[in-house]
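Q: Take a look at the following structure, please.
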Amino acid sequence: SHPIVSEYVRPDVRADLFSNAGIRHKVRGETKEAVRYFRAAAEANPDDGHALVQLASLGDRDAAGVSELSDDYVSSLFDGYSERFEKELVGDLGYRGHEIVADGIVRHWVRSDSDGDVVAVDL
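Last residue of the sequence shown: number 123 in the UniProt record's numbering, and the count goes up by one each step with no gaps.
Okay, structure coming up:
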């Protein structure tokens, strides 16, 4: 790593810098460089699961053996994704599972309840 970055930048910020550089190289198909930066990120902040996940996705054997990520990493990952979930899953990927389930419930309700009684559906 760069000596100024190593000496003057906090480890968590340094990890982010290295992770961003790793992503840049990964997107460009420069796997060897990406691995180098993700390893530097993991060394700078061993509790940051992002670098480990990226290393595992690139076939790094050490990272692939990690069986658990920190609670903070997992929480921040899902908290950050919740804002984009519907747009990406439904809009971008065309997910329709929720619509299929809702349509099935409505069809079952209409068929099985012609007298107007309330029907409970246990999912």
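Quick reminder that beta carbons are idealized off the backbone N, C-alpha and C, glycines included.
Which complete alpha helix (DSSP H) runs does the stretch 8-87 hold, if anything under 4 residues is left out?
A: Fully enclosed alpha helix (DSSP H) runs of 4 or longer: 11-27, 31-44, 49-57, 61-64 and 71-82.
Q: Going by DSSP in three states, residue 94 sits in which element: helix, strand or coil?
A: The residue labelled residue 94 in the question sits at position 94 within the sequence shown. Coil at residue 94, not helix or strand.
Q: With a CB to CB cut of under 6 Å and the five nearest residues on each side skipped, what residues in its chain are close to residue 74?
A: One-based indexing of the sequence shown puts residue 74 at position 74. Closer than 6 Å at Cβ, skipping near neighbours: no residue.
Q: Could you say which of 77, 39, 94 and 78 lies nearest to residue 61 if we only look at CA atoms?
A: Reading the sequence shown from its first residue, position 61 is the one you call residue 61. If we check each option's Cα against that of residue 61, 39 comes out closest.
Q: Please tell me whether residue 82 and residue 51 are closer than 7 Å, where the distance is taken between their beta carbons.
A: By one-based count along the sequence shown, residue 82 stands at place 82. By one-based count along the sequence shown, residue 51 stands at place 51. In this structure, residue 51 does not lie closer than 7 Å to residue 82 by Cβ.
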